[in-house]
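Trainee:
In this note's numbering, the protein residues as written are 2 to 201.
1. Of all the options 183, 39, 76, which has the alpha carbon lying nearest to the alpha carbon of residue 54?
2. Can you tell me the Cβ-Cβ gap for residue 185 and residue 27, rounded? I've got them flagged as a contact below 8 Å.
3. DSSP on residue 125, reduced to helix/strand/coil?
4. Is residue 74 buried or exposed, if buried means 16 or more other CB atoms sit within 10 Å of its CB?
5. Comparing alpha-carbon positions, which option in 159, 42, 192, 153 lies nearest residue 132?
6. Quick check: what's the CA-CA separation for residue 129 versus residue 45?
7. Of all Cβ atoms in chain D, is any one closer than 8 Å to the Cβ of residue 109?
8. Check whether the segment 152–161 touches the segment 134–144, taking contact to mean three or more Cβ pairs, one atom from each stretch, closer than 8 Å.
9. So residue 35 and residue 96 are supposed to be a Cβ contact under 8 Å. How far apart are they, rounded?
10. In terms of DSSP beta bridges, what is residue 183 paired with?
11. Work out the CA separation of residue 91 and residue 104 for me, nearest whole Å.
12. Among all the DSSP beta bridges, which residues are the ones paired with residue 50?
13. Residues in its own chain within less than 7 Å of residue 14 by CB, not counting five upstream and five downstream?
14. Taking C-alpha atoms, which residue in 110, 145, 89 lies nearest to residue 218?
15. Am I right that residue 126 and residue 142 are in contact with their C-beta atoms under 8 Å? What's the rounded C-beta distance?
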């Protein structure tokens, strides 16, 4: 066989980054899945950094904590720009909890980090308390290589829940809270406050 018949030698491959999104309703296990993936990366001796929005201080101001009290250390930041500036040289995995609370710049930040060869894992609500797409999650899911949608258990009927039922009449889209403020509901049992419920 002549040299000209041989296939071309592929160029050296750079470390391939990616974006993974874990999404679903309240109490669906998003944060637990994020922590599970983080711990696997730590077991593999990868350099990991975890971030959370400063607004979310429900359980701990500097740790990512699930509703089941599973926790990992994290850096609390106020903006997507601040998050990007805190990513250390040599970091291989970046985890972001409650991504829906970040500004829309988080999408570009995740894109840039992945283009640098970093594995980005972001968890967040896909819908707000009215059942509408919760920005910036739709755009984040669109650029992701992998999207995992997890479900909770409906507190009314026990079926798979995909929505977060707000228990108060607070009208703000952002209301940080836990079981005292929200319940997981399925489509049939979900009652957005500005939509009248008809009798079935």
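Heads up, the beta-carbon is just placed ideally off N, CA and C, and yes, glycines get one too. Since the structure is predicted, the reported quantities are computational estimates derived from the model, not experimental observations.
Mentor: From the atom records:
1. Within the chain shown, residue 54 is the residue found at index 53, counting from 1. Checking every option, the nearest Cα to that of residue 54 belongs to 76.
2. Position 184 of the chain shown, counted from the first residue, corresponds to residue 185. Position 26 of the chain shown, counted from the first residue, corresponds to residue 27. Yes, residue 185 and residue 27 are in contact; Cβ-Cβ is about 6 Å, under 8 Å.
3. As a working note, residue 125 is residue 124 in the chain shown. The DSSP-derived three-state label of residue 125 is strand.
4. The sequence position of residue 74 within the chain shown is 73, counting from 1. Looking at its Cβ environment, which holds fewer than 16 other Cβ atoms inside 10 Å, residue 74 is exposed.
5. Against the chain shown, residue 132 aligns to sequence position 131. Comparing Cα-Cα distances from residue 132 to each of 159, 42, 192, 153, the minimum goes to 192.
6. Position 128 of the chain shown, counted from the start, is the residue given in the question as residue 129. Position 44 of the chain shown, counted from the start, is the residue given in the question as residue 45. Their backbone Cα atoms lie some 35 Å apart in a straight line.
7. In the structure shown, chain D cannot be found, because there is only a single protein chain.
8. no
9. Working through the chain shown from its first residue, we reach residue 35 at position 34. Working through the chain shown from its first residue, we reach residue 96 at position 95. The Cβ separation is near 6 Å, so the contact holds.
10. One-based indexing of the chain shown puts residue 183 at position 182. Per DSSP, 167.
11. Locating residue 104 in the chain shown gives position 103, counting from the first residue. Locating residue 91 in the chain shown gives position 90, counting from the first residue. For residue 104 and residue 91, the distance between alpha carbons rounds to 25 Å.
12. As a working note, residue 50 is residue 49 in the chain shown. Under DSSP, the beta-bridge partners assigned to residue 50 are 95.
13. Working through the chain shown from its first residue, we reach residue 14 at position 13. With a pLDDT of 48 at residue 14, under the threshold of 50, the modelled position of this residue cannot be trusted; read the value that follows with caution. Closer than 7 Å at the Cβ level, and outside the excluded window around residue 14, lies no residue.
14. Here the chain covers residues 2 to 201 and nothing more, so residue 218 does not appear.
15. Locating residue 126 in the chain shown gives position 125, where the first residue counts as 1. Locating residue 142 in the chain shown gives position 141, where the first residue counts as 1. The Cβ separation is near 12 Å, so there is no contact.
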